[in-house]
Amino acid sequence: MPETQDQQKFVYDFTEGNKDLKDLLGGKGANLAEMTNLGLPVPPGFTITTEACKVYLDSGEEPSALRDEVSAHLEALEEKMGKKLGQADDPLLVSVRSGAKFSMPGMMDTVLNIGLSDQSVAGLAAQAGDDRFAWDSYRRLIQMFGKTVLGVDGDHFEEAIEDAKRAKGVTVDVDLDAADLKKLVGEFKNIVAKETGRGFPQEPREQMDLAVRAVFDSWNGDRAKLYRRQERIPHDLGTAVNICSMVFGNLGPDSGTGVAFTRDPASGHQGVYGDYLQNAQGEDVVAGIRNTVPLADLERIDQRSYEQLMQIMETLETHYKDLCDIEFTIERGKLWMLQTRVGKRTAGAAFRIATQLVDQGLIDEAEALRRVNGAQLAQLMFPRFDHEVASGDTVRKIGRGIAASPGAAVGKAVFDSYTAVKWSRSGEKVILIRRETNPDDLDGMIAAEGILTSRGGKTSHAAVVARGMGKTCVCGAEELEVDTKRRRMTVPDRDGKDGLVIEEGDVVSIDGSSGKVYLGEVPVVPSPVVEYFEGRMHAGADDADELVGAVHRIMAYADRVRRLRVRANADNAEDAARARRFGAQGIGLCRTEHMFLGERREKVERLILAHTEEERDTALGELLPLQKDDFVELFEAMDGLPVTVRLLDPPLHEFLPDITELSVRVALAESRKDHNENDLRLLQAVHRLHEQNPMLGLRGVRLGLVIPGLFAMQVRAIAEAAADRRNAKADPRAEIMIPLVGTVQELEIVREEAERVIAEVERARGVDLKLTLGTMIELPRAALTAAQIAESADFFSFGTNDLTQTVWGFSRDDVEASFFTAYLEKGIFGVSPFETIDKDGVGALVRDAAHAGRATRPDLKLGICGEHGGDPESVHFFHEVGLDYVSCSPFRIPVARLEAGRAAANSR
Ligand code: PEP
Ligand code: MG
């Protein structure tokens with residue numbers, strides 16, 4: 001039964017929480033509690049829960065019990081500290097900080113020095129023995145509070161500071177003395193009164209309550225909402241609020257503040273990583289007012305604190321068993337821990353750290369698999385820019401946008417789709433630059449090496465489509481002014497005037513992994529991880545090799561535990577060989593239509609145009625040896641491993657010329673009285689085969705049933721190729737797959753014919769080919785009648801591309817580029833169902849069909865060969881529903897292997 005508001009506890013002392021209560025206490029609060037319980041020096045305080053925030057956001061009011069609970073915790077805090085909030089002669093001051101479950105830089109962060117007032121400022125001055133410090137603290141409170149709690153435009157305060165400095169003839173804040181700051185406080189109070197119609201609140205508890213409410217409100221601020229949308233953080237989590245007694249890093253040279261990592265977040269190496277700023281508060285570090293010193297220098301400045309910090313860092317690493325980042329303050333020689341969390345890291349560091357922690361005995365292999373993911377591996381497999389050149393003089397960084405689709409792309413700037421297509425046809429590499437893209441830009445996006453926009457976020461049209469194409473994209477690079485009419489973009493100067501102008505044809509480089517945009521050509525270096533998978537690189541001593549070594553080990557863990565096998569979608573020997581190097585355990589889908597293109601198209605045309613049985617048999621006879629050779633090569637590349645060959649799937653008109661082009665050609669010829677018999681016959685055939693909805697028309701098994709001899713020819717080619725390999729003492733393992741089956745009767749007819757052909761070849765060649773015959777499940781009816789279909793199938797392979805198309809009624813060729821952006825923005829789904837399997841709909845059909853099929857035939861082999869086979873989240877789903885393998889494009893095989901391993905590690 002859910003707790004009612006009356007029973008709920010809305011406030012937790014730091015001593016009451018722990019790191020596992022992030023839902024309730026937010027990341028910051030949970031970790032402050034954890035550190036407190038570890039006995040680390042955390043300034044005492046308490047956390048108001050996300051539940052309280054949710055009540056406030058739902059009803060517009062704080063829960064009725066909150067005020068009393070806060071009072072009780074505040075009293076306990078005052079008792080612990082031996083002073084009261086805002087006490088005139090010796091004030092307890094607190095910070096009020098937001099802290100959601102996931103760190104959200106778009107939100108209001110902190111108000112410091114709550115509790116200072118016209119009265120208590122003197123008490124603080126007396127206690128600290130420092131007037132300037134006290135007035136500066138009060139000045140900071142009014143400024144921060146005014147801005148973030150009362151909504152006063154921050155420029156008013158900045159202008160007042162500038163005026164004060166100008167009046168005194170100084171340039172930096174620190175040259176303002178106590179009297180100047182006291183005067184400034186007066187001016188700040190006037191600003192607040194003028195802008196808000198009331199004075200700055202002098203009552204400490206009111207200050208605190210207003211700050212808490214402002215944190216709650218900040219959850220629904222524009223920036224926070226935008227950030228959540230981009231990062232796919234649910235909107236209903238709410239934020240916690242941390243109230244923490246203040247410690248000061250700005251009380252003289254024996255005070256200071258810093259940040260630290262327990263190991264290098266870029267390389268994963270252990271050591272002393274961080275920055276320290278003497279005589280300063282946290283915000284000064286961020287504001288970059290003075291230069292920080294490397295953390296190692298703290299040893300010289302304050303050896304005792306340094307050693308204590310090192311010890312604490314070790315405690316935290318051992319306790320969290322992971323890289324932690326830390327914020328700390330030293331107040332007059334006493335070290336205080338203000339924050340810790342498991343730190344963010346680069347993809348490479350994630351792999352390195354996971355293996356380092358295994359070596360240290362802190363985590364086991366299963367946990368190491370949980371610490372990395374397929375998206376990180378995919379990132380490591382993209383080529384990247386040569387960072388030395390990127391930061392040198394030959395190229396110039398001109399902006400930074402959102403890293404929307406990874407990789408590195410270089411090309412000439414073009415500002416419209418037409419030019420992109422035209423230039424790329426003449427062999428130029430281009431980067432398509434737009435303010436934002438829309439479906440009309442699709443051709444240009446396909447033609448371009450990469451896409452750059454100055455508007456839009458991670459779910460903008462450009463981002464979604466580029467990711468779908470696996471094309472590098474940087475979007476929302478707002479400092480770039482794109483002027484498509486004048487075919488140029490400008491990078492304005494600081495004063496907003498036109499600065500640098502980039503014209504059509506200038507070379508630009510975009511980094512889809514960092515969002516950086518450069519003018520000039522940045523050399524692209526291949527990924528060491530791909531070099532390793534290709535077998536061109538082995539673990540060694542230098543930095544890239546160390547990464548390769550870590551990837552090698554993690555892949556070995558994954559391969560050891562995974563239950564799902566991983567196959568490739570490949571239809572030529574080259575792809576098959578690469579897939580095998582990448583770890584493929586067979587081919588899950590060979591699309592034979594890809595073998596009918598190029599110069600063979602003409603032969604297919606002859607088959608389609610055949611009027612008589614004889615003509616048809618001749619056409620098929622010409623195709624047979626070509627098909628057979630294709631399969632021999634494929635079986636050779638995958639010797640000893642299964643190869644699923646799918647019989648022809650697409651509608652025949654795809655092999656014929658475009659209806660409009662051909663009609664024009666025939667019409668022009670007619671007007672010249674120049675009859676071309678062949679073109680006329682072709683046009684008739686094109687008309688005969690034309691369909692309004694080809695995806696739902698004469699394709700797949702339907703073709704095999706309607707065009708006599710077509711499937712039989714393909715089956716014969718497979719069987720003869722297998723027989724050849726057998727005779728060569730090799731081990732071909734062909735599986736024949738029938739596409740687009742909707743009912744078992746279709747399969748039965750094709751199966752009967754196929755078995756007859758196979759038996760003929762076996763007899764003629766004196767071999768037992770052990771060919772199996774199965775079907776794709778890619779229509780809802782096939783899934784719903786899986787129990788019957790399994791009677792005639794040795795295996796099922798789920799074609800989740802068509803299944804998604806037919807279950808949703810979405811045209812797979814059109815919708816992603818048309819209305820999906822709107823759907824994503826409205827939150828109808830968080831990701832395209834063509835990218836990640838829709839578990840509740842399409843996935844449910846897969847699960848049920850798998851069970852039904854196995855109920856009929858317990859040894860039924862189950863696989864998936866749609867695009868979802870290489871998608872991390874989908875791989876976990878296929879593991880859960882008990883499939884035997886996933887099949888995906890060669891490049892995604894390592895990701896699928898890793899995710900299959902992670903899925904197995906998670907379910908142990
Ligand atoms: C599918 O539909 O999921 C599939 C793999 O077949 P194709 O993409 O070739 O239609
Ligand atoms: Mg299909």
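Position one of the sequence shown corresponds to residue 1 (UniProt numbering), numbered consecutively onward. Where a beta carbon is used, it is the ideal one built from N, C-alpha and C, also for glycine. For clarity, every value in this text was computed on a predicted model and none was experimentally measured.
Distances from the alpha-carbon of Lys80 to those of Ser98, Pro43, Val55 put Pro43 closest. The segment 503 to 514 and the segment 401 to 416 touch, with no fewer than 3 CB-CB distances between them shorter than 8 Å. Burial check for Asn906: the Cβ neighbour count within 10 Å stays below 16, so the residue is exposed. Within the chosen limit of 8 Å, the ligand PEP reaches the beta carbon of Met776 through at least one heavy atom.
For Thr15, no alpha helix (DSSP H) run applies, since DSSP gives it neither H nor E. Here Val170 carries a coil assignment [DSSP, helix/strand/coil]. Under the rule that a run must span 4 or more residues, the alpha helix (DSSP H) segments found entirely inside the segment 33 to 120 read 50 to 59, 66 to 81. Contact check for Ser305 and Gly333: beta-carbon distance about 7 Å, within the 8 Å limit, so the pair qualifies.
Gly863 has its alpha-carbon roughly 11 Å from the corresponding atom of Thr644.
Within the segment 769 to 808, the complete beta strand (DSSP E) segments at least 3 residues long are 772 to 777, 795 to 798, listed from N- to C-terminus.
In chain order, Asp23, Leu24, Leu25, Gly26, Ala100, Lys101, Leu237, Gly238, Thr239, Ala240 place their CB closer than 8 Å to the CB of Thr50, counting only its own chain and leaving out the 5 sequence neighbours on each side. With respect to the 9 Å criterion, Leu689 and Leu648 are not classified as neighbours on the basis of their beta carbons. By the Cβ neighbour-count rule, Pro253 is exposed, with fewer than 16 other Cβ atoms within 10 Å of its own.
Taking Gln7 as reference, the option from Asp20, Ala52, Leu38, Lys19 with the minimal CA-CA separation is Ala52. For Glu633, the closest alpha carbon among the candidates Thr346, Arg591, Glu504, Asn572 is that of Asn572. For Phe216, the enclosing alpha helix (DSSP H) covers residues 204 to 218. Going by beta carbons, Val247 and Leu338 fall inside the 9 Å limit. Ranking Pro526, His594, Ile433, Ala354 by CA distance to the CA of His552 puts Ala354 first.
Chain order is used for the residues whose beta-carbon lies nearer than 6 Å to a heavy atom of the ligand PEP, namely Leu589, Arg591, Asp649, Glu778, Gly799, Thr800, Asn801, Asp802, Cys865, Gly866. Glu613 sits in a helix when the DSSP states are folded into three classes.
Nearest neighbour of Arg857 by Cα position, chosen from Phe796, Glu816, Asp813, turns out to be Phe796. Collapsing the DSSP output to three states places Phe385 in a strand. In the three-state reduction of the DSSP assignment, Ile587 falls in the strand class, which pools E and B. CA-to-CA, the gap between Leu620 and Ala610 works out to about 10 Å. Contact annotation: Asn113 and Met144 have beta-carbon atoms nearer than 9 Å. Secondary structure at Leu647: coil, using DSSP grouped into helix, strand and coil. Annotated as proximal: Met638 and Ala584, with beta-carbon spacing under 9 Å. Between Asp813 and Met695, the CB-CB gap stays under 9 Å. Along the segment 409 to 491, the alpha helix (DSSP H) occurs as fully enclosed runs of 4 or more residues at 417 to 425, 442 to 447, 461 to 469, listed in sequence order.
Between the ligand MG and Pro739, a heavy atom-to-CB distance of less than 8 Å is present. If only complete runs of 3 or more residues are kept, the segment 497 to 549 shows the beta strand (DSSP E) at 500 to 503, 507 to 511, 516 to 519, in order along the chain. Judged by beta-carbon spacing, Val767 lies beyond the 9 Å limit of Thr800, meaning their Cβ atoms are not closer than that value.
Arg371 carries a coil assignment under DSSP once its states are collapsed to helix, strand and coil.
For Asp177, same chain residues with a beta-carbon under 8 Å away, outside a window of 5 residues either side, are Arg132 in chain order. The Cβ atoms of Ile398 and Val517 sit closer than 9 Å to each other. Between Ala403 and Ser514, the C-beta spacing is below 9 Å.
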